[in-house]
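Engineer: What follows is a structure written as structure tokens; I'll ask about it next.
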Amino acid sequence: MKNKRIKIELIFFDLFLFLGILLSVSTLWAVKMFGKTSVDSMIFTLLAPTAGTDSSVIYSWLSWCLATSVLATILITLVVIYIYKRKHYSWLHYIWVVGIVVLVGSLVNVECQYHIVAYIQNQKETTYIYEQKPKKKKNVAKDGDEKLIYANPQSVEISGNETNNLIYIYLESYENTFMDKNNGGVKDVNCLPELTQLANENLNFSNTDKLGGAIAFTGSTWTIGSMVAQSSGLPLKAELANNMDKFTKFMPGAKMIGDVLKEQGYNQELLIGSKSSFAGTNHMFNQHGQYQIVDLDTIKSNYDLKDDDYCSWGINDHKLLEVARNELGMLAAKGQKFNFTMATIDCHMPSGMLCKQCPCTYKNRYENIYACQSKQVNDFITWCKQQSWYENTTIILVGDHQTMAQDYVNDVDSTYQRTTYNCFINSKIQAVNNKNRQFTQMDMYPTTLAAMGFEVKGNKLGLGTNLFSKLPTVIEKYSTSYIEQEISKSSEYLNKEIYQFE
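Everything in the sequence shown is counted per my numbering, starting at 70 for the first residue and increasing by one.
Shown next, in the form of structure tokens:
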């Protein structure tokens, strides 16, 4: 009877011990892999589907976390069994308590790193920032109402006659950190010299008096979240992000930039080198603008590909930009205004994708990939300048989010504010103030339309503010912490009007 009881207690000990070790090791692994990232970003990463993606992160977790936890649990259990067989077992009746202590300690560690309790508490609360009533027109300044947090795009007047075409390029994990110190980065040697020059010669919205960009913000720290934020002025809930491909409709109540341009008669195309089904990307662009989607499967069907054109996510950027030239030529030949949107992939975590064109002149792999991306994108812009449609086309380059390749930013000083890259080429409007701003990816929605020559009445769409206007952004007006806290809460408006859950 005594032996049976000890076996049961040992089983519970092993279970609690294993879970505790797994949590602790996984937390250390996550911090090393992703840094001290936000809870919503971590939830998205953990719940992300594996089909059509780079599986190296999963293999890393299996080998680093799961294997270590199993091995440690087995070794500790063998020691306990050895002690038991040596007849020193009176304290073994309480061995399960030790397992609980380990597990509780691990949970405390997770809480210290990610503040799960605060996240859950926010989820239980309700925000009403989306229901705020706009002022009557006679009480609003010419530029708009700076106190207004959310402007429903369905109700905002957007007009324009001689508006430009749009080329919008999401640069994977592209941030200003990798510039040299003189230009706003932290490096002694600039890892993106061509794109730094482009930003200096054209227009860059910055958080400093040098080159800079948008800060990391809840709901936009991964690719589909960033696309939603920049297209709709709304955050994407992390717990929903990986299930958007399963919903029949993708945020059906949102009016995105694709919807606006479709109403204006634009032909629209999305080009990506991976599967567009990932995270519902195809649903978003199909349902909000009827984009023609050219993704991995389309490229494989329509273009000749060599072995070195492929990477773990799909198609390398050197081939993707070659495809982009051809697709743009066909799109422009239709004789209508166009919106050509594409997303690169080579700088994706955990360590980027080297291609045959990457240099070996920088101190590590990731810096070489950054430099490669800089040259390739700049060459693409040079090609654009030679086309007949260039003068009537606004080109916007923007980092989708900060890099998650933590090994390559561990040496960044904690006082440095990491921001994503942006560059506006051929904007039809001049900026009133593009330096020392605090803004997020959501501000790109009205700002992009303004750069193309559209007039956005009130200069606000969603939670985004037109950076060309004199209005402060919502985080400049109300603080980043307040707006982040509010959008982390539950919202009946978003559920009923935007997501339209039944």
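Virtual Cβ for every residue (Gly too), placed ideally from N, Cα, C.
#1: Assuming A220 contacts G527 (C-beta within less than 8 Å), just tell me the rounded distance between them.
#2: Sort F570, Y568 and Y562 by Cα distance to Q201 and report the nearest one.
#3: Near K425, which residues of its chain fall below 8 Å by C-beta distance, leaving aside the five closest residues on each side in sequence?
#4: State the Cα-Cα distance for the pair T196 and N447, rounded to the nearest angstrom.
#5: Would you mind listing the alpha helix (DSSP H) stretches within the stretch 209 to 293 that are 4+ residues and don't spill past its ends, in chain order?
#6: Return the bridge partner residues of L466 from the DSSP annotation.
#7: Does the distance from the C-beta atom of I567 to that of I218 stay below 9 Å?
#8: Give me the Cα-Cα distance between T484 and V255, rounded to the nearest whole angstrom.
#9: Buried or exposed for M70, going by 16 or more other Cβ atoms inside 10 Å?
#10: Can the beta-carbon of C416 be found closer than 9 Å to that of P428?
#11: Does DSSP put E553 in a helix, a strand or coil?
#12: Between which two residues does the beta strand (DSSP E) harbouring Q337 extend?
#13: With a 10 Å radius around its C-beta and 16 neighbouring C-beta atoms as the bar for buried, classify K318 as buried or exposed.
#14: For the ligand GTP, is there a heavy atom less than 8 Å away from the beta-carbon of L540?
#15: Just verifying my parser: in three-state terms, what is the DSSP assignment at F523?
#16: At what residues does the beta strand (DSSP E) containing N408 begin and finish?
#17: Would you mind sorting K576 into buried or exposed? The rule is 16 or more other CB atoms within 10 Å of its CB.
#18: Within its chain, find whatever has a CB closer than 7 Å to the CB of T96; leave out the 5 residues flanking it on each side and keep chain order.
#19: So, at 6 Å on beta carbons, what are the nonlocal neighbours of Y439 in its own chain, with the 5 sequence-adjacent residues on each side left out?
#20: Give me, in chain order, the residues of the same chain whose beta-carbon lies closer than 8 Å to that of E338; leave out the 5 immediate sequence neighbours on both sides.
#21: In terms of residues, what are the limits of the alpha helix (DSSP H) holding V186?
#22: Go through its chain and collect everything with a Cβ distance to T265's Cβ below 7 Å, but skip five positions before and after it.
#23: Since T413 and Y239 should fall inside the 8 Å C-beta cutoff, what is the C-beta to C-beta distance between them, to a whole number of angstroms?
#24: Under the rule that 16 or more other beta-carbon atoms within 10 Å means buried, what is T451, buried or exposed?
#25: Taking the Cβ atom as the reference point for each residue, do T534 and P541 lie within a distance shorter than 9 Å?
#26: For C380, collect the residues of the same chain with a Cβ closer than 6 Å to its Cβ; drop the 5 residues on either side in sequence, then sort them by chain order.
#27: Buried or exposed for P321, please, with buried defined as at least 16 other CB atoms from any protein chain shown within 10 angstroms of its CB.
#28: Give the DSSP bridge partners of V363, in chain order.
#29: Near W613, what residues of its chain come up, given a Cβ to Cβ distance below 7 Å and the 5 sequence neighbours on each side ignored?
#30: Any idea what DSSP makes of Y197, helix, strand or coil?
#31: Just the C-alpha distance for K344 and N351, rounded to the nearest angstrom, thanks.
#32: Taking 9 Å as the cut-off, decide whether the C-beta atoms of L272 and I494 are in contact.
#33: What does the Cβ neighbour count give for K565, buried or exposed, with the cut at 16 atoms within 10 Å?
#34: Helix, strand or coil for Y379, going by three-state DSSP, please let me know.
#35: Please name the residue or residues paired with L530 in a DSSP beta bridge.
#36: Restricting to Cα atoms, I'd like to know which of I227, L91, I185 and Y477 is closest to F523.
Structural biologist: Straight from the coordinates:
#1: On the sequence shown, residue 220 is found 151 positions in, with the first residue counted as 1. On the sequence shown, residue 527 is found 458 positions in, with the first residue counted as 1. Indeed they touch by this definition, with Cβ atoms about 6 Å apart.
#2: Residue numbering aside, residue 201 sits at position 132 when the sequence shown is read from its first letter. Shortest Cα-Cα distance from Q201 to any of F570, Y568 and Y562 involves Y562.
#3: By one-based count along the sequence shown, residue 425 stands at place 356. So the qualifying residues of the chain are D377 and H387.
#4: Residue mapping note: residue 196 aligns to position 127 of the sequence shown, counting from 1. Residue mapping note: residue 447 aligns to position 378 of the sequence shown, counting from 1. Cα to Cα, T196 sits roughly 43 Å from N447.
#5: Whole alpha helix (DSSP H) segments, 4+ residues: 262 to 270.
#6: To locate residue 466, count along the sequence shown from 1; it is residue 397. DSSP, once it has assigned bridges, lists I238 and C492 as partnering L466.
#7: Counting from 1 along the sequence shown, the entry for residue 567 is found at position 498. Counting from 1 along the sequence shown, the entry for residue 218 is found at position 149. No, these two residues do not count as a Cβ contact at 9 Å.
#8: Walking along the sequence shown from the start, residue 484 turns up at place 415. Walking along the sequence shown from the start, residue 255 turns up at place 186. Spanning the two alpha carbons is a distance of roughly 11 Å.
#9: The residue labelled residue 70 in the question sits at position 1 within the sequence shown. Residue placement at M70 cannot be trusted, given a pLDDT of 44 that sits under 50; what the coordinates show is reported in the next sentence. By the Cβ neighbour-count rule, M70 is exposed, with fewer than 16 other Cβ atoms within 10 Å of its own.
#10: In the sequence shown, the residue the question calls residue 416 occupies position 347. In the sequence shown, the residue the question calls residue 428 occupies position 359. In this structure, P428 does not lie closer than 9 Å to C416 by Cβ.
#11: The count along the sequence shown starts at 1 and reaches residue 553 at position 484. Reduced to three states, the DSSP call for E553 is helix.
#12: As a working mapping, residue 337 is identified with position 268 in the sequence shown. Run containing Q337: N336 to I341, per the beta strand (DSSP E) assignment.
#13: Translated into the one-based positions of the sequence shown, residue 318 becomes position 249. K318 comes out exposed.
#14: In the structure on display, the ligand GTP does not appear, and there are no ligands present to speak of.
#15: The sequence position of residue 523 within the sequence shown is 454, counting from 1. Reduced to three states, the DSSP call for F523 is coil.
#16: Looking up residue 408 in the sequence shown gives position 339. For N408, the enclosing beta strand (DSSP E) has its first and last residue at F407 to A412.
#17: Shown here, the chain extends from 70 to 571; a query on residue 576 therefore has no answer.
#18: Working through the sequence shown from its first residue, we reach residue 96 at position 27. Excluding positions up to five away in sequence, the list reads N178, V179 and Q182.
#19: Numbered from 1 along the sequence shown, position 370 holds the residue referred to as residue 439. Excluding positions up to five away in sequence, the list reads F247, C260 and L261.
#20: In the sequence shown, residue 338 corresponds to position 269, counting from 1. Y360, Q361, I362, V363, E396, L400, F407, N408, F409 and T410.
#21: Your numbering for residue 186 matches position 117 in the sequence shown. Residues I185 to K193.
#22: Mapped onto the sequence shown, residue 265 falls at position 196. For T265, where only same-chain residues beyond five positions count, the Cβ hits under 7 Å are M248, N252, N259 and L280.
#23: By 1-based counting over the sequence shown, the position of residue 413 is 344. By 1-based counting over the sequence shown, the position of residue 239 is 170. The beta carbons of T413 and Y239 sit about 7 Å from each other, so the pair counts as a contact at 8 Å.
#24: Counting from 1 along the sequence shown, the entry for residue 451 is found at position 382. With a 10 Å radius around the Cβ and a threshold of 16 neighbouring Cβ atoms, T451 comes out exposed.
#25: Locating residue 534 in the sequence shown gives position 465, counting from the first residue. Locating residue 541 in the sequence shown gives position 472, counting from the first residue. Yes, the pair counts as a contact, with Cβ atoms nearer than the cut-off.
#26: As a working mapping, residue 380 is identified with position 311 in the sequence shown. Once the five neighbours on either side are set aside, the close Cβ partners of C380 are M422.
#27: Here the question's residue 321 lines up with position 252 in the sequence shown. Burial call: exposed.
#28: By one-based count along the sequence shown, residue 363 stands at place 294. V363 is bridged by DSSP to L340.
#29: Summary: the structure shown does not reach residue 613, with the chain confined to residues 70 through 571, and so no result is reported for it.
#30: Along the sequence shown, read from residue 1 onward, the residue named residue 197 stands at position 128. The answer is coil: DSSP assigns Y197 none of H, G, I, E or B.
#31: Along the sequence shown, one-based indexing puts residue 344 at 275. Along the sequence shown, one-based indexing puts residue 351 at 282. Straight-line Cα distance between these residues: approximately 9 Å.
#32: Counting from one through the sequence shown, the residue named residue 272 turns up at place 203. Counting from one through the sequence shown, the residue named residue 494 turns up at place 425. In this structure, I494 lies closer than 9 Å to L272 by Cβ.
#33: On the sequence shown, position 496 is the one that residue 565 refers to. Under this definition K565 is an exposed residue.
#34: Translated into positions along the sequence shown, residue 379 becomes position 310. Strand, per DSSP.
#35: Residue mapping note: residue 530 aligns to position 461 of the sequence shown, counting from 1. G533.
#36: Here residue 523 corresponds to residue number 454 of the sequence shown, with the count starting at 1. Comparing Cα-Cα distances from F523 to each of I227, L91, I185 and Y477, the minimum goes to I227.
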